[in-house]
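Numbering (mature numbering (1 follows the signal peptide of the UniProt record, and there is no 0)), first residue to last: -22 to -1, 1 to 405.
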């Protein structure tokens, strides 16, 4: 990122708190008999996220006595289905959490309000902030940032008599070889790695080939790139560096605490960097972050910063000022930051990050150091993908499993994957 931009790891700045002094009437979350504005806030996550979010809401309400915020919490699996039903029924929450894959879908159907000038974004990196803008309108503000990375348990690598790589130099062949060596060196007690079918992984690989994942409303990657990507996984299975297709499919659907890495039955795995803490807690051991392997001669490693999620406001809320004030509080208030810490990614606000960095758990301090170390190598954060992109992971997983199980040839699967994916995002 250019030195002229504010970065998310800048020094601590003085904080200002936006306090709502007047409540406005209208529909949205409603208004109490005493004139209190009621805001509805939709978000997903774990029980731990719900607990810390409720604590942050109480802090906001204490600073804004004329506003009550009602959290509409659900688990990840049901979040978008529930949200879509509410929006279709003209019952959209006032403040909505979104991920980048779902942003354009909701923006394009007129669900979201333009937050430009309504939320203070002065302490957010301009390139990260731009990921929440579509057609010149700031429909969403990023909560925090992360990067898709390789997580590793160094103790399990050492116990297998293998050596950690120089991750500034290693290749995909090195990765396959290391995973196989870990499995064999441990007598099969520890598996080298587990497969990932996350589109971010394929996006990184495609960037190393000089191909964009999306090109307008179509995929920008070639069938050859998809086939090469699958070949890495086939080689991992063949050399026993990763579990067979059946086991890979089974563990691929589990949470990180049930992963091979989280249960100490695997030494490596690919996840978003802000998941290091959850993986380390599950493992009980010290975990590290590594750069993704790279193709020999690639101009870019392909890794990128991405917002962990966004806050947006409903275009139909009757309480636009209060909704913006709540988003501003969650993004910019250090007291909110000290409650939420890195749960929604390392804070996007440089001011908040500086205020909480000494209070971060050790795993998150490690994540911050890793992102600081690699930020000069990262490509620009991606723009919001086309409508239909939220289905991409399911489509990619399905064809990947067909190839791993040998039910489809890579040639056939690559063509069918690209055809179905293009149909999904055609608009």
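All C-beta atoms in this analysis are idealised placements derived from N, C-alpha and C, irrespective of residue type, glycine included.
Whole runs of the beta strand (DSSP E) within the segment 11 to 76, excluding any shorter than 3 residues: 15 to 22, 45 to 52 and 73 to 76
Assigned exposure category for residue 148 - 16 Cβ within 10 Å defines buried: Indexing the chain shown from 1 puts residue 148 at position 170. Classification of residue 148: buried, given that the 10 Å Cβ count is 16 or more.
Per DSSP, the bridge partner or partners of residue 268: By 1-based counting over the chain shown, the position of residue 268 is 290. DSSP output for residue 268 lists 128 as bridge partner(s).
According to DSSP, residues forming a beta bridge with residue 321: Here the question's residue 321 lines up with position 343 in the chain shown. Note: residue 321 sits in a beta bridge opposite 323.
Straight-line gap, residue 257 to residue 218 (C-alpha atoms, nearest Å): One-based indexing of the chain shown puts residue 257 at position 279. One-based indexing of the chain shown puts residue 218 at position 240. If I take the Cα positions, the gap works out to 23 angstroms.
Exposed unless 16 or more other CB atoms sit within 10 angstroms - verdict on residue 303: Reading the chain shown from its first residue, position 325 is the one you call residue 303. Label assigned to residue 303: buried.
Residue 377 versus residue 392 - alpha carbon distance: If you number the chain shown from 1, residue 377 lands on position 399. If you number the chain shown from 1, residue 392 lands on position 414. Spanning the two alpha carbons is a distance of roughly 8 angstroms.
Residue burial classification, residue 228 (beta-carbon count within 10 angstroms, cutoff 16): Position 250 of the chain shown, counted from the first residue, corresponds to residue 228. Exposed, because fewer than 16 other Cβ atoms sit within 10 Å of the Cβ of residue 228.
Sequence-distant residues of the same chain with beta carbon closer than 7 angstroms to residue -18, five excluded per side: By one-based count along the chain shown, residue -18 stands at place 5. Because the pLDDT of residue -18 is 33, which lies under 50, any placement of that residue in the model is unreliable, and the number read from its coordinates should be weighed accordingly. Within the same chain, residue -18 has close Cβ partners 103, 104 and 105.
Distance CB(residue 117)-CB(residue 90) smaller than 8 angstroms: Counting from 1 along the chain shown, the entry for residue 117 is found at position 139. Counting from 1 along the chain shown, the entry for residue 90 is found at position 112. Going by C-beta atoms, residue 117 is nearer than 8 angstroms to residue 90.
Supposed close pair residue 109, residue 78 - CB separation, criterion 8 angstroms: The residue you call residue 109 lines up with position 131 of the chain shown. The residue you call residue 78 lines up with position 100 of the chain shown. Indeed, because the Cβ distance is near 6 angstroms, the residues count as touching under 8 angstroms.
C-beta contact flag for residue 215 and residue 382 at 8 angstroms: The residue given as residue 215 occupies position 237 in the chain shown. The residue given as residue 382 occupies position 404 in the chain shown. Result yes, Cβ atoms of residue 215 and residue 382 sit closer than 8 angstroms.
Sequence-distant residues of the same chain with beta carbon closer than 6 angstroms to residue 205, five excluded per side: Position 227 of the chain shown, counted from the first residue, corresponds to residue 205. Within the same chain, residue 205 has close Cβ partners 388 and 392.
Cα-Cα separation between residue 240 and residue 264, rounded to whole angstroms: In the chain shown, counting from the first residue as 1, residue 240 sits at position 262. In the chain shown, counting from the first residue as 1, residue 264 sits at position 286. Computed Cα separation, rounded: 11 angstroms.
Three-way DSSP call (helix, strand, coil) for residue 234 in this model: As a working note, residue 234 is residue 256 in the chain shown. In the structure shown, residue 234 sits in a helix (DSSP, three-state: H, G or I).
Cβ distance (whole Å) where residue 289 is taken to contact residue 119 below 8 angstroms: Here residue 289 corresponds to residue number 311 of the chain shown, with the count starting at 1. Here residue 119 corresponds to residue number 141 of the chain shown, with the count starting at 1. Residue 289 to residue 119, Cβ: 5 angstroms. Contact.
As assigned by DSSP and simplified to three states, the class of residue 397: The residue you call residue 397 lines up with position 419 of the chain shown. For residue 397, the secondary structure class from DSSP, reduced to helix, strand or coil, is helix.
Cβ neighbours of residue 342 in the same chain (closer than 6 angstroms, five flanking residues each side left out): Locating residue 342 in the chain shown gives position 364, counting from the first residue. The answer, listed in chain order, is 255 and 320.
Own chain residues within Cβ distance below 6 angstroms of residue 260, not counting five before or after: As a working note, residue 260 is residue 282 in the chain shown. Excluding residues within five positions, the ones whose Cβ falls inside 6 angstroms are 235 and 240.
Three-state secondary structure (DSSP) of residue 96: Locating residue 96 in the chain shown gives position 118, where the first residue counts as 1. Here residue 96 sits in coil by DSSP.
According to DSSP, residues forming a beta bridge with residue 204: In the chain shown, the residue the question calls residue 204 occupies position 226. Residue pairing by DSSP places residue 204 in no beta bridge whatsoever.
Residues bridged to residue 250 (per DSSP): Position 272 of the chain shown, counted from the first residue, corresponds to residue 250. Looking at the DSSP assignment, residue 250 forms a beta bridge with 126.
Three-state secondary structure assigned by DSSP to residue 117: Translated into the one-based positions of the chain shown, residue 117 becomes position 139. Three-state result, residue 117: coil.
Cβ-Cβ distance between residue 325 and residue 122 below 8 angstroms: Along the chain shown, one-based indexing puts residue 325 at 347. Along the chain shown, one-based indexing puts residue 122 at 144. Yes, the pair counts as a contact, with Cβ atoms nearer than the cut-off.
Buried or exposed by the 16-neighbour rule on C-beta atoms within 10 Å, applied to residue 99: If you number the chain shown from 1, residue 99 lands on position 121. Buried, since its Cβ has 16 or more Cβ neighbours within 10 Å.
Under 8 angstroms between C-beta atoms of residue 19 and residue 49: Indexing the chain shown from 1 puts residue 19 at position 41. Indexing the chain shown from 1 puts residue 49 at position 71. Yes; because the gap between Cβ atoms is below 8 angstroms, this pair is in contact.
Opening and closing residue of the beta strand (DSSP E) in which residue 108 lies: Along the chain shown, one-based indexing puts residue 108 at 130. Where residue 108 is concerned, there is no enclosing beta strand (DSSP E), given that its DSSP letter is neither H nor E.
Cα-Cα separation, residue 167 to residue 243: In the chain shown, counting from the first residue as 1, residue 167 sits at position 189. In the chain shown, counting from the first residue as 1, residue 243 sits at position 265. The straight-line gap from Cα to Cα measures roughly 7 angstroms.
Check: residue 179 C-beta below 7 angstroms from any heavy atom of the ligand ADP: Among the ligands in the structure shown, none appear at all, so the ligand ADP cannot be discussed.
Enclosing alpha helix (DSSP H) for residue 172 [first to last residue]: Position 194 of the chain shown, counting from 1, holds the residue named residue 172. Element bounds for residue 172: n/a, residue is neither H nor E.
With 16 other Cβ atoms within 10 Å as the buried cut-off, status of residue 366: Taking the chain shown and counting its residues from 1, one reaches residue 366 at position 388. Counting Cβ neighbours within 10 Å, residue 366 comes out buried, since at least 16 surround it.
Cut-off 6 angstroms between Cβ atoms - residues of its own chain near residue 5, not counting five sequence neighbours on either side: Numbered from 1 along the chain shown, position 27 holds the residue referred to as residue 5. Reliability fails at residue 5, whose pLDDT of 40 lies under 50, so the model's placement of it is uncertain and the value that follows must be treated cautiously. Only 296 meet the Cβ criterion.
DSSP bridge partner residues for residue 377 (one or two, in chain order): Translated into positions along the chain shown, residue 377 becomes position 399. According to DSSP, which records beta bridges pairwise, residue 377 is partnered with nothing at all.
Reference residue 145; option with closest CA among 138, 178, 308 and 156: If you number the chain shown from 1, residue 145 lands on position 167. With distances taken between Cα atoms, residue 145 lies closest to 156.
Residue 351 versus 174, 269 and 310, residue with shortest Cα-Cα distance: Residue numbering aside, residue 351 sits at position 373 when the chain shown is read from its first letter. Checked all of 174, 269 and 310; the closest Cα to residue 351 is 269.
Residue interval of the beta strand (DSSP E) (run including residue 291): Residue mapping note: residue 291 aligns to position 313 of the chain shown, counting from 1. Here the beta strand (DSSP E) through residue 291 covers 288 to 291.
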